[in-house]
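Participant: Right, I'll just put the structure down here and ask away after.
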Amino acid sequence: MEALFTSTAVVALAEMGDKTQLLSLLLAAKFRNKSAIVMGILLATLLNHAASAWLGAWLAGFINSGLGQWGLAGSFILVGLWLLVPDKEDGVSNRFDAYGPFLVSLVLFFLAEIGDKTQVATVLLAAEYQSVFWVTMGTTVGMLLANVPVVYLGARLMEKIPLNLTRIVASALFILMGILTLL
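Here the sequence shown stands for residues 33 to 215, where the numbers follow the working numbering.
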């Protein structure tokens, strides 16, 4: 259960102000069917994070060495530092609107997650906990906790969340996980 709870908390915090959260805000402004957007986000996250968690669990076999532990710890610390850099908002092209909110959300969210901080975090968490299922569930729940309120409450919610503070807390968690990995 530690893998589930840690993955949920870390990704929910890391997602604050992330480009995919900004994408959720743009999709919500563009489409009326909020539940279709949420379902697109859910499926995209499940697919992306399951593949990422599988990769992390596979890499865990290589990480069990002393050198691998240093690499994993260093990766956690580097992601923690990366979280301190705010993402920039990308525009969403109108040319995909004809495909509807579910498909547009699914494809754009999946693509936006490739190489994103939360995807890298999912790989690292799965390598640490060696649990594809619980890490995938945790990171997916974390993504939904961060993005679903944005879809339904939009800009009002984003104005009230202290993004700099959440980035610092998420960064501190990753750095702490890196230090604990060494111990």
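Heads up, the beta-carbon is just placed ideally off N, CA and C, and yes, glycines get one too.
#1: Using CA coordinates, which residue listed in Glu34, Phe108, Trp86, Glu47 is at the minimum distance from Leu214?
#2: Whose C-alpha, out of Trp102, Leu212, Phe134, is nearest the C-alpha of Ala60?
#3: Rounded C-beta distance between Glu47 and Thr172? I'm assuming under 8 angstroms.
#4: Check this for me: beta carbons of Val180 and Val70, under 8 angstroms apart or not?
#5: Counting C-beta neighbours from all protein chains within 10 Å, is the total for Asn65 16 or more, i.e. buried, or is it exposed?
#6: Helix, strand or coil for Gly93 per DSSP?
#7: Can you tell me whether Val167 is helix, strand or coil according to DSSP?
#8: With a cut-off of 8 angstroms on the beta carbons, I'd call Ala35 and Val167 a contact; round off their distance for me.
#9: Can you name, in chain order, every residue of its own chain whose Cβ lies under 6 angstroms from the Cβ of Met209, other than the five neighbours on each side?
#10: Going by the beta-carbon positions, is the gap between Val152 and Val111 smaller than 8 angstroms?
#11: Helix, strand or coil: how does DSSP classify Gly188 here?
#12: Specify the secondary structure class of Met175 as computed by DSSP and reduced to three states.
#13: Ignore the nearest five residues each way along the sequence and tell me which others in Leu79's own chain have a CB closer than 7 angstroms to its CB.
#14: So, is Ile73 buried or exposed, given that buried needs 16 or more other C-beta atoms within 10 angstroms?
#15: Going by Cα to Cα distance, which pick from Gln53, Ala159, Thr40 is closest to Trp86?
#16: In whole angstroms, what is the alpha-carbon distance linking Ala204 and Ala41?
Facilitator: According to the structure data:
#1: Answer by Cα proximity: Phe108.
#2: Distance from the Cα of Ala60 is smallest, within the candidate group Trp102, Leu212, Phe134, for Phe134.
#3: Their Cβ separation, rounded to whole angstroms, is 11 angstroms, which puts Glu47 and Thr172 out of contact at 8 angstroms.
#4: A contact, by the Cβ cut-off of 8 angstroms.
#5: Counting other Cβ atoms within 10 Å of its Cβ, Asn65 stays below 16 and is therefore classed as exposed.
#6: Note: Gly93 maps to helix in three-state DSSP.
#7: In the structure shown, Val167 adopts helical secondary structure according to DSSP, grouped into three states.
#8: Between Val167 and Ala35 the Cβ distance is about 5 angstroms, and since that is below 8 angstroms, they are a contact.
#9: Around Met209: Phe108.
#10: Against a cut-off of 8 angstroms, the Cβ pair of Val111 and Val152 comes out as a contact.
#11: Going by the sequence as given, residue 188 is Arg instead of Gly. Arg188 falls in the helix class under three-state DSSP.
#12: Under the three-state reduction of DSSP output, Met175 falls in the helix class.
#13: So the qualifying residues of the chain are Phe142.
#14: Ile73 comes out buried.
#15: Nearest to Trp86 by alpha-carbon distance, out of Gln53, Ala159, Thr40, is Ala159.
#16: Going by the C-alpha atoms only, they are around 12 angstroms apart.
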